[in-house]
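In terms of this note's numbering, the sequence shown is numbered consecutively and its last residue is 488.
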Amino acid sequence: MSYFNNISKINYEGATSSNPYAFKFYNPEEVIGGKTMKEYLRYAVAYWHTFTADGSDPFGAGTMIRPWDKFSGMDMAKARVEAAFEFFEKLGVPFFCFHDADIAPEGCNLRETYNNLDEIVAMIKDYMKDSQTKLLWNTANNFTNPRFTHGAASSNNADVFAYSAAKVKKGLEIGKELGAENYVFWGGREGYETLLNTDMKLELDNLGRFFHMAVDYAKEIGFDAQFLIEPKPKEPTTHQYDFDVATGHAFLQNYGLQDHFKFNIEANHATLAGHTFEHELRYARINGMLGSVDANQGDPLLGWDTDEFPTDLYSTTLAMYEIIKNGGLGRGGLNFDAKVRRGSFELEDLFHAHIAGMDSFAAGLKVAQKLIDDRILDDVIENRYSSYTEGIGLEIVEGNTDLRKLEEYALGLKEIKNQSGRLEKVKGTINQYLLRAYAGE
Ligand code: XLS
Ligand code: NI
Ligand code: NI
């Protein structure tokens, strides 16, 4: 059965095309900075937003009636797999991602849930044989069911800890079975609402124990995926433990986990934490911890995780700048953890949204590579920090000085001169590069 009858394969037609079902910037085989766009961008479709969600929000019911909704239970789960692989094929997307709960319904007990998962995983594996689309990552949904109300690995209830561990064990087995490149841990409800009833130390220690068990089990079964932590500062809990990359990094170091994990950085989570997307990417990159990206964007006027498709070219350019400087994403990719708006309830909107997102990062890649080729930001930064390349600055960075010597130097200074940061000039140049790239120059 076909779910997207009216839509055929999406091809690249170039910046002047007016065909809504064509890529304007994403040209998979085009080489940018020595790699094809396909290799650099490694796009993934998020199963939950695209095939499982229905547009419901806290104020209203779902608006999206999908062709697979005529089924229920396991039949619906199977129809979603069929629809998903047709969608992947038509979009030409190299990867997808899912939570266990997205692909198969929960059973009456854990054993039944496992059975449901096994059946759907076998079906997905079968579809993957004839498909170009691979699994970027899978994860366990340890937050939706009421049993996770107090958290999963950070729950006060040891039975919930055990149950969550069992779901992760199964997730690792599924990841191995389907050849996942990564395995993701998003904190879900791993945080707290108030310290009045929370043992923060025990919760954090338990989280550390949980991750160690996951690392050990993956090793035991020979699942070599890159483990990723996805930071988020709040929502659903008031305070999430994996607040941002810096906090997550300190946590990993405290618990001796830093060699086993990298970060999956989501744009909207960065802004929720009061950072820019590129701040989180940079922090991870300079610490060798940039693993993968959840490519979406928030609404600056709303304070929650709106998970919009990424269309802000300024942001995709600065993000791709970090990714290129990182030498690419390795085993990671750009996963559209993004949902069509509640009002965009037609099936074709799923295509428009992904095309817009893929084109936005492709355009960002092109501009970022040009900025790098022409050393636009490199020169600005090199010049701005030139005081550390000679004289006292060089002594400082080479560790050849101390407070006494610096005092002596400072006392001898007649005048301290600063240079302009030239920020507006830099921003004007970036705009020039953005517009030139779209004109195809
Ligand atoms: C929620 C997260 C979630 C993770 C996967 O805000 O972004 O969707 O990506 O559990
Ligand atoms: Ni995410
Ligand atoms: Ni999110």
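Idealized CB from N, CA, C, for every residue including glycine.
Where do the N-terminal and C-terminal ends of the beta strand (DSSP E) with residue i fall, by residue?
{"i": "Q305", "result": "Unbroken run through Q305: none, as it is neither H nor E."}
{"i": "N382", "result": "381-383"}
{"i": "H146", "result": "142-146"}
{"i": "N185", "result": "181-186"}
{"i": "S339", "result": "337-341"}
With a threshold of 16 other CB atoms inside 10 Å of the CB of residue i, please say whether the residue is buried or exposed.
{"i": "P280", "result": "buried"}
{"i": "M336", "result": "buried"}
{"i": "Y171", "result": "According to the sequence displayed, residue 171 carries Ile and not Tyr. I171 comes out buried."}
{"i": "C144", "result": "buried"}
{"i": "H84", "result": "The sequence shown places Met at residue 84, rather than the His named in the question. Its Cβ being crowded by 16 or more others within 10 Å, M84 is buried."}
{"i": "Q287", "result": "buried"}
{"i": "W351", "result": "exposed"}
{"i": "G81", "result": "exposed"}
{"i": "I79", "result": "buried"}
{"i": "P278", "result": "buried"}
{"i": "E471", "result": "exposed"}
{"i": "E327", "result": "buried"}
{"i": "E313", "result": "buried"}
{"i": "A130", "result": "buried"}
{"i": "G459", "result": "exposed"}
{"i": "F118", "result": "exposed"}
{"i": "F190", "result": "buried"}
{"i": "L164", "result": "buried"}
{"i": "T196", "result": "exposed"}
{"i": "F202", "result": "Checking the displayed sequence, the identity of residue 202 turns out to be Ser instead of Phe. With 16 or more Cβ atoms within 10 Å of its Cβ, S202 is classed as buried."}
{"i": "Y239", "result": "buried"}
{"i": "L304", "result": "buried"}
{"i": "L481", "result": "buried"}
{"i": "G446", "result": "exposed"}
{"i": "I333", "result": "exposed"}
{"i": "G198", "result": "buried"}
{"i": "A212", "result": "buried"}
{"i": "G226", "result": "exposed"}
{"i": "Y73", "result": "buried"}
{"i": "K464", "result": "exposed"}
{"i": "Q273", "result": "buried"}
{"i": "E250", "result": "buried"}
{"i": "N53", "result": "exposed"}
Going by the CB atoms, is the gap between residue j and residue i shorter than 8 Å?
{"i": "Y90", "j": "G380", "result": "yes"}
{"i": "F290", "j": "A320", "result": "yes"}
{"i": "V340", "j": "H307", "result": "no"}
{"i": "M367", "j": "A415", "result": "yes"}
{"i": "A93", "j": "D384", "result": "yes"}
{"i": "N253", "j": "A200", "result": "yes"}
{"i": "N343", "j": "N311", "result": "no"}
{"i": "V236", "j": "T284", "result": "Reading off the sequence, residue 236 comes out as Arg, not Val. Result yes, Cβ atoms of R236 and T284 sit closer than 8 Å."}
{"i": "Y230", "j": "L157", "result": "no"}
{"i": "A410", "j": "A317", "result": "no"}
{"i": "G404", "j": "P347", "result": "no"}
{"i": "H401", "j": "L88", "result": "no"}
{"i": "S64", "j": "K56", "result": "no"}
{"i": "W115", "j": "A126", "result": "yes"}
{"i": "P67", "j": "H399", "result": "yes"}
{"i": "K386", "j": "D354", "result": "yes"}
{"i": "K309", "j": "G338", "result": "yes"}
{"i": "V444", "j": "Y456", "result": "no"}
{"i": "S178", "j": "E136", "result": "yes"}
{"i": "I268", "j": "E220", "result": "yes"}
{"i": "G120", "j": "M111", "result": "no"}
{"i": "A148", "j": "N188", "result": "yes"}
Since residue i sits in a beta bridge, which residues does DSSP pair it with?
{"i": "H286", "result": "Y239"}
{"i": "W233", "result": "E277"}
{"i": "I79", "result": "K82"}
{"i": "E454", "result": "DSSP lists no partner for E454."}
{"i": "F70", "result": "Y59"}
{"i": "E489", "result": "For residue 489 there is no data in the structure shown, the boundaries of the chain being 48 and 488."}
Counting along the chain, where does the alpha helix (DSSP H) carrying residue i start and finish?
{"i": "F135", "result": "120-138"}
{"i": "G404", "result": "394-420"}
{"i": "Y87", "result": "84-88"}
{"i": "G255", "result": "247-268"}
{"i": "A205", "result": "205-225"}
{"i": "A314", "result": "314-319"}
{"i": "K464", "result": "Premise fails: K464 is in no alpha helix (DSSP H) and is neither H nor E."}
{"i": "D173", "result": "157-176"}
{"i": "N430", "result": "423-431"}
{"i": "K372", "result": "360-372"}
{"i": "L348", "result": "Premise fails: L348 is in no alpha helix (DSSP H) and is neither H nor E."}
Touch test, the stretch 389-404 against the stretch 321-336, Cβ-Cβ under 8 Å, three pairs minimum: No, the stretch 389-404 does not touch the stretch 321-336.
Does the stretch 208-220 come within contact of the stretch 255-270, defined as at least 3 CB pairs closer than 8 Å? Contact holds: three or more Cβ-Cβ distances are below 8 Å.
Is the stretch 176-194 in contact with the stretch 419-427, if contact means three or more CB pairs nearer than 8 Å? Remark: fewer than three beta-carbon pairs, one from each stretch, lie closer than 8 Å, so the stretch 176-194 and the stretch 419-427 are not flagged as touching.
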